[in-house]
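Residue numbers (UniProt numbering): 1 to 160.
Below is one structure, written out as structure tokens; comments come after it.
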Amino acid sequence: MGRIFGTDGVRGIANTELTANLAYGLGRAGAYVLTEGTHKPKILVGKDTRISGDMLEAALVSGILSVGAEAVILDVVPTPAVAHLIREYNADAGIMISASHNPVEYNGIKFFDNKGYKLQDELEDEIQRVIESGFEGVPSPTAHDLGRSSIEGGALDEYT
């Protein structure tokens with residue numbers, strides 16, 4: 001498999017190139033790589049208004065929860081809001097679902113570190129390596145150790 005991350009995250013035609021399965025894998029691997037060693041990590045998830053955002057958000061959040069991380073769903077927010085709110089919410093990472101200026105059939109998944117910055121190439125490569133390994137070494141907690149999701153309805157107001 002070639003490099004799945006481009007200059008600004010993973011992008012493609014939703015449900016063709018950027019599938020729910022890939023979004024799940026990115027959520028699972030991303031949560032593992034970005035929060036390894038953190039007790040109950042918290043990851044913020046935002047999206048734009050594209051219709052494919054709901055599908056990708058559900059899959060991405062499922063991947064995050066599957067490694068025991070918490071997902072805070074910000075709903076529809078601009079990309080800079082995710083970067084900013086990571087620090088406000090003391091989160092371990094953030095993910096934005098958006099394809100920016102690309103046509104409506106496209107969507108994308110962009111990761112931010114715990115300071116609200118775009119990931120370095122090395123971390124993106126590590127996320128891809130974990131996916132390609134079949135999630136080797138990634139925990140699969142059960143029962144009370146699974147992550148939980150919550151919806152933060154006031155995120156946009158807090159950002160503006």
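Note that CB positions come from ideal geometry on N, CA and C, so glycine has one too.
Can the beta-carbon of residue i be found less than 8 Å from the beta-carbon of residue j?
i: V45; j: I13; result: no
i: D145; j: G68; result: yes
If we ignore side chains and look at the alpha-carbon of each, how far apart do residue i and residue j end up?
i: T7; j: N90; result: 26 Å
i: G30; j: F112; result: 10 Å
i: S149; j: H39; result: 16 Å
i: V138; j: N102; result: 33 Å
i: G94; j: P78; result: 13 Å
i: E70; j: N21; result: 20 Å
Tell me whether residue i is buried or exposed, calling it buried when 16 or more other Cβ atoms sit within 10 Å of its Cβ.
i: K110; result: buried
i: D92; result: buried
i: I43; result: buried
i: E136; result: exposed
i: P41; result: buried
i: S66; result: buried
i: K47; result: buried
i: A143; result: exposed
Report the partner residues of residue i according to the DSSP bridge assignment.
i: R11; result: G108
i: E122; result: DSSP lists no partner for E122.
i: E152; result: Bridge partners of E152: none, in fact.
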